[in-house]
Amino acid sequence: MHQLLRALIEPGFFASQQVHVAVSVGGVVAVVCAVVGVFTVIRGQSFAGHSLGDVAAAGGSGALLIGLSPVIGFVGLGIVGASAMDLIGVRRLRGRDLATGIVLGAAIGLSALFLYLITTTSSTTGPTQQILFGSIYTTAPGTLLTVAILGVIALGCVTAIWRPLMLETVSPDIAVARGVRVRAVGLAYMLALAVSVGLSSLTIGAILSTALLIGPAAAALRLTRSLTRALVAACVIGVTTTWAGILLAYDSYYWQPAHLGLPVSFCIVGLIFTTYLACALAAALAGRKPGQGGACSRRS
2 MHQLLRALIE
12 PGFFASQQVH
22 VAVSVGGVVA
32 VVCAVVGVFT
42 VIRGQSFAGH
52 SLGDVAAAGG
62 SGALLIGLSP
72 VIGFVGLGIV
82 GASAMDLIGV
92 RRLRGRDLAT
102 GIVLGAAIGL
112 SALFLYLITT
122 TSSTTGPTQQ
132 ILFGSIYTTA
142 PGTLLTVAIL
152 GVIALGCVTA
162 IWRPLMLETV
172 SPDIAVARGV
182 RVRAVGLAYM
192 LALAVSVGLS
202 SLTIGAILST
212 ALLIGPAAAA
222 LRLTRSLTRA
232 LVAACVIGVT
242 TTWAGILLAY
252 DSYYWQPAHL
262 GLPVSFCIVG
272 LIFTTYLACA
282 LAAALAGRKP
292 GQGGACSRRS
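The C-terminal residue of the sequence shown carries number 301 in our numbering, and the numbering is unbroken.
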């Protein structure tokens, strides 16, 4: 076993402070994204998650431009974007898409402006790389507390509203008839989604943030019809692929001959995609139709 671990893990992995911070931040973010992601997939709002990733890019680049931590911009402007989407949209799917498209266009425009200003005022492309594709190995140790607090807030929102949220997901009309405050529930969910996307942007970058939000959740919903089991499975898949991606990126620096190393974001996203394909294949072999897991999860 010792020889096997030495073959899989390069020297210094467990002793590196950068690895400790990356593993801690990545684990917290993976759990938050997994839980929020399951509800996002069931509600069919993956497009909203993708749009908030572009909003996070604008926020992160704007924060760097004025000298603030990117996580403040990722989450801060994400919350503003989520609130705007909820304000513009209505309960129907068409209204959601309209609101999402409007916010998406504005966010891309702001991202283009802020990234242009960063590029013209700096001699390095490092900040742009960090915003778009993540740089979890350069995360400051003090960021962990902020990530943990934001994660607790997001999970707390979902926990507080999950029953009315599921009812509103299945039938908004029935939810209204039963006295559910649909707008308040929808807003709370959108805020949790904005926080999870912002944290995912810190881990693997704004462009790839949807992968950590949607991938583990979609894979879990292909394997089980139970909401509870889907939440657990999504957390396990998210944490495992994130930690394995961090290890793979670290090990790649020792590979011959280049010693260039693979980006952490590429490793994590590649493992998530591979895991989803494996889960989809397993579901197909079991005879489960696509989307069956999500539909059954709504009844859980």
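All C-beta atoms in this analysis are idealised placements derived from N, C-alpha and C, irrespective of residue type, glycine included.
Predicted model, so just to flag it, every value in this text is computed and none were measured.
Report the residue from the options whose alpha carbon sits nearest the alpha carbon of residue i.
i	options	result
residue 162	62, 185 and 241	185
residue 250	230, 136 and 129	136
residue 49	100, 130 and 151	100
residue 285	194, 200, 88 and 224	224
residue 262	270, 271, 269 and 252	252
residue 200	55, 21 and 72	72
residue 52	40, 79 and 205	79
residue 47	58, 229, 25 and 102	102
residue 287	241, 226, 272 and 268	226
residue 69	254, 144 and 177	144
residue 210	57, 122, 22 and 23	57
residue 147	77, 18, 44 and 271	77
Can the beta-carbon of residue i be found less than 8 Å from the beta-carbon of residue j?
i	j	result
residue 27	residue 244	yes
residue 119	residue 166	no
residue 106	residue 29	no
residue 221	residue 238	yes
residue 197	residue 33	yes
residue 134	residue 63	no
residue 81	residue 159	no
residue 232	residue 39	yes
residue 83	residue 194	yes
How should residue i be labelled, buried or exposed, when 16 other C-beta atoms within 10 angstroms of its C-beta is the threshold for buried?
i	result
residue 75	buried
residue 128	buried
residue 12	exposed
residue 174	exposed
residue 192	buried
Once DSSP output is grouped into helix, strand and coil, what is the label at residue i?
i	result
residue 263	coil
residue 256	coil
residue 197	helix
residue 100	helix
residue 48	helix
residue 115	helix
residue 238	helix
residue 179	coil
residue 128	helix
residue 315	Residue numbering for the chain in the displayed model covers 2 to 301; residue 315 lies beyond these limits and cannot be assessed.
Practice task
Flag this pair as touching only if the region 273 to 284 and the region 215 to 225 have three or more C-beta atom pairs under 8 Å; answer yes or no.
Solution key: By the criterion of at least three beta-carbon pairs nearer than 8 Å, the region 273 to 284 is in contact with the region 215 to 225.
Problem - Validate contact between the region 105 to 112 and the region 170 to 188 using beta carbons, cut 8 Å, 3 pairs - result: The region 105 to 112 is not in contact with the region 170 to 188.
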